[in-house]
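So the structure is just underneath, and the comments pick up after that.
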Amino acid sequence: MCGIIGYNGLEEPVSLVLEALSRLEYRGYDSAGVAYFDKEKKIEVVRASGKLAGLVAACEGRSGVSGSAIGHIRWATHGAPTEENAHPHRSGPIVVVHNGIIENDRELRETLSREGFVFSSETDTEVVAHLVHRFFRETGSLSESVRLALREISGSYALAVLCEERPGEIVAVRRGAPLLLGEGENAYFFASDVPAFLKWTRKVMPLPPDVMAVVGPEGLSLLPVDGGSPLLPLFEEVPWDPVAAEKGHYRHFMEKEIFEGPRAIMDTLEGRLGPGHGRVMLSELSRLGPSPPEIVFVACGTSYHAALLGRLMIESLSDIAVRVEIASEFRYRPLRIRKGAWVVGITQSGETADTLGALEHARREGFLTLAVTNVPGSSVTREAEATLLTRAGPEIGVASTKAFIAQITAVWLLALHLGRREAEKTRQALEILVRAPARFEGFLGSLDLPALDRLAEKIAASRFVIFIGRGLDYPLAIEGALKLKEITYRPADGYPGGELKHGPIALIEPGVLVVAPLVDPDLAAKEWSNIREVEARGGTVVTVASPAPGQPLPSYLLPERNGWEGVFLATAILQLLSYRTAVLMGNDVDQPRNLAKSVTVE
Ligand code: F6R
Numbered sequence: 002m003c004g005i006i007g008y009n010g011l012e013e014p015v016s017l018v019l020e021a022l023s024r025l026e027y028r029g030y031d032s033a034g035v036a037y038f039d040k041e042k043k044i045e046v047v048r049a050s051g052k053l054a055g056l057v058a059a060c061e062g063r064s065g066v067s068g069s070a071i072g073h074i075r076w077a078t079h080g081a082p083t084e085e086n087a088h089p090h091r092s093g094p095i096v097v098v099h100n101g102i103i104e105n106d107r108e109l110r111e112t113l114s115r116e117g118f119v120f121s122s123e124t125d126t127e128v129v130a131h132l133v134h135r136f137f138r139e140t141g142s143l144s145e146s147v148r149l150a151l152r153e154i155s156g157s158y159a160l161a162v163l164c165e166e167r168p169g170e171i172v173a174v175r176r177g178a179p180l181l182l183g184e185g186e187n188a189y190f191f192a193s194d195v196p197a198f199l200k201w202t203r204k205v206m207p208l209p210p211d212v213m214a215v216v217g218p219e220g221l222s223l224l225p226v227d228g229g230s231p232l233l234p235l236f237e238e239v240p241w242d243p244v245a246a247e248k249g250h251y252r253h254f255m256e257k258e259i260f261e262g263p264r265a266i267m268d269t270l271e272g273r274l275g276p277g278h279g280r281v282m283l284s285e286l287s288r289l290g291p292s293p294p295e296i297v298f299v300a301c302g303t304s305y306h307a308a309l310l311g312r313l314m315i316e317s318l319s320d321i322a323v324r325v326e327i328a329s330e331f332r333y334r335p336l337r338i339r340k341g342a343w344v345v346g347i348t349q350s351g352e353t354a355d356t357l358g359a360l361e362h363a364r365r366e367g368f369l370t371l372a373v374t375n376v377p378g379s380s381v382t383r384e385a386e387a388t389l390l391t392r393a394g395p396e397i398g399v400a401s402t403k404a405f406i407a408q409i410t411a412v413w414l415l416a417l418h419l420g421r422r423e424a425e426k427t428r429q430a431l432e433i434l435v436r437a438p439a440r441f442e443g444f445l446g447s448l449d450l451p452a453l454d455r456l457a458e459k460i461a462a463s464r465f466v467i468f469i470g471r472g473l474d475y476p477l478a479i480e481g482a483l484k485l486k487e488i489t490y491r492p493a494d495g496y497p498g499g500e501l502k503h504g505p506i507a508l509i510e511p512g513v514l515v516v517a518p519l520v521d522p523d524l525a526a527k528e529w530s531n532i533r534e535v536e537a538r539g540g541t542v543v544t545v546a547s548p549a550p551g552q553p554l555p556s557y558l559l560p561e562r563n564g565w566e567g568v569f570l571a572t573a574i575l576q577l578l579s580y581r582t583a584v585l586m587g588n589d590v591d592q593p594r595n596l597a598k599s600v601t602v603e
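With this note's numbering, the residue at position 485 of the sequence shown is 486, and numbering never jumps.
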């Protein structure tokens, strides 16, 4: 939610900040802004409502001098997405960008207004600009003013601050919102996510909470807000390829990322299969000790759907009890789980406030926690005792695709790691997983695109789309419905196939389409019966399945192979169906309305 950029270096800052913001546009697209020093060493602030293109147009012909600059892309929380509410916000010489929520902004607004500060926006961020300004008048030091201002505010924030009287300086700090620090050649970068500065450097350090990063004439200092001794910067090379954050020859990031699914599986498996690929070795889990009696997954959205698949996989290979919980609900309930249980948070971004809150809740009550995340160094890696990284690479499209594939791989690995009860089943499941990337790649290389387009036209012509599935197909069905809603805005819902007759079947009428993935070998026959019930009531059905004796030819044919591997293939087809329907409808696929990639607010 919102993305911020800070830069200190020798390059022309306006074009650099705009380019960096374009890599963060997935985080919000309600408005954008930039602040930089002009030739007279005055700070220029340019802001525009709407997508980044508006700011790019407003910056046409502008350039700044080398030194410090900041930028922002907004997902509105306080105040409408207007130019007045766009960041950066200014108070006298102080200019601020912010990601997060200042919880005591009302009280601070009243106090600061009484002191004579004039507010020009409805945002919570403006109080930070005025507070820093107030303390700068008293102290004349930018870092000291930020430190004093932080004492007054509560809430979550990643902030980058400039001061007109201190060209060449920049101060950044975070608490409860992500901020990464990058070290380039004669330059430092701050950003909400790594892809923003991957073009310039891969040397990254997550900024610890409550530590100010101060860049000035003497270079970089890391100063704890509580006045403790300065920290030593510790940069690490991230393995991400800058090209991974480019669209290449694809029309949209989402399309490119769907085709990166096989790579996401392969990279997530890397180094985790023992000699001869005979067993799974998750050394990351050694800190958690022996297998638990119970696993509780906590997650949101697509990651929750991966957790549902994880439950089925773990239950099938071990005797561990598994629960799956929506993080935003779980975090406020009393914990009634078995002693010794592991609470496993799945989160692509590693920054989702609800998932972090759920893990914190569990940790406070003494449970061991594991994070499954795609972003090394993200907040969840600090919150949980252990981390199992998915390795999908940066995911830019707002609708999650390859990260979901990597999450399925991770929970599959977890199931194999824990699978003691069913030795033969575990061996087979491992064999399938090892072969999956190559087979999945072959499948994507021979897609029936005309068939996909015909089905996309059917979906686009429907008023309402119901996704059904049983067993492994249920998480796929609800994920399929979520994907369709997100990028086509078409009303859609997902149900377990067996539930249809308990209510939703009343919705079946002309104009309503039912989509059914059928990859679960044990339950496909039962799902075909549910499909018959729909057809008997005049409903139209789209099936994604392998050919099955005695059943009609599926609408989209999967290869003759069933079981867990089919999960990847059917997922890709459902993702592509949503993608191609959205393109057909002329929607903005990578930046669907009202959404943001990482949800750092409750
Ligand atoms: C859907 C989607 C969201 C996220 C959810 C959790 O395409 O992307 O539903 O899955 O917001 O995000 P993470 O996984 O970052 O915790």
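Glycine is no exception: its CB is placed at the ideal position from the N, C-alpha and C atoms. Note that the structure is a prediction, hence the values are computed from the model and not measured.
| Item | Value |
| --- | --- |
| Distance, Ala424 Cα to Glu603 Cα | 42 Å |
| Start-to-end residues for the alpha helix (DSSP H) that takes in Lys52 | First-last for Lys52: undefined, no H or E at that position. |
| Option nearest Trp565 by Cα separation, candidates Ser222, Ile296, Pro196, Ala430 | Ala430 |
| Helix, strand or coil at Pro14 according to DSSP, with G and I counted as helix | helix |
| According to DSSP, residues forming a beta bridge with Lys204 | Glu238 |
| Counted within 10 angstroms of its Cβ, other Cβ atoms place Leu180 as buried (16 or more) or exposed | buried |
| Pro225 in three-state terms, based on DSSP | strand |
| Close beta carbons around Thr601, own chain, < 6 Å, minus the five adjacent residues each side | Met2, Ala178, Glu352, Ala354 |
| Same chain, Cβ closer than 6 Å to Thr140, five either side skipped, listed in chain order | Ser146 |
| CB contact check: Pro240 to chain B, cutoff 7 Å | No chain B appears in this structure, which consists of one protein chain only. |
| Simplified DSSP state of Val520, which is helix, strand or coil | coil |
| Reduced DSSP secondary structure (H/G/I, E/B, other) of Asp39 | coil |
| Where the alpha helix (DSSP H) through Gly443 begins and ends | 424-446 |
| Distance cut-off 6 Å: Cys164 Cβ against heavy atoms of the ligand F6R | no |
| Check: Thr582 C-beta below 6 Å from any heavy atom of the ligand F6R | no |
| Continuous alpha helix (DSSP H) stretch holding Ala188: start and end | Looking at the DSSP string, Ala188 is not in any alpha helix (DSSP H); the run it does join, the beta strand (DSSP E), is 188-192. |
| Leu605, buried or exposed, once every other Cβ within 10 Å from all chains shown has been counted against 16 | Residue 605 cannot be examined here, being either before or after the span of the chain that is shown, 2 to 603. |
| 7 Å CB neighbourhood of Thr427 in its chain, flanking five on each side removed | Leu318, Leu417, Gly420 |
| Residues bridged to Tyr8 [DSSP beta-bridge criterion] | Ala70, Phe190 |
| Contact between the segment 494-513 and the segment 587-597 (3+ Cβ pairs under 8 Å) | no |
| Any non-hydrogen atom of the ligand F6R within 6 Å of Ala400 CB | yes |
| Asp474 in three-state terms, based on DSSP | helix |
| Cut-off 6 Å between Cβ atoms - residues of its own chain near Pro94, not counting five sequence neighbours on either side | Cys164, Glu165, Glu166 |
| Contained beta strand (DSSP E) runs [length at least 3] in the segment 264-326, N- to C-terminal order | 295-300 |
| Same chain, Cβ closer than 7 Å to Tyr251, five either side skipped, listed in chain order | Lys257 |
| Three-state class that DSSP yields for Glu184 in the structure shown | strand |
| The segment 537-545 contacting the segment 357-373, beta-carbon criterion three pairs below 8 Å | no |
| Distance cut-off 6 Å: Gln429 Cβ against heavy atoms of the ligand F6R | no |
| 7 Å CB neighbourhood of Arg176 in its chain, flanking five on each side removed | Ser157, Tyr158, Pro210, Asp211 |
| 6 Å CB neighbourhood of Ile574 in its chain, flanking five on each side removed | Val545, Tyr557 |
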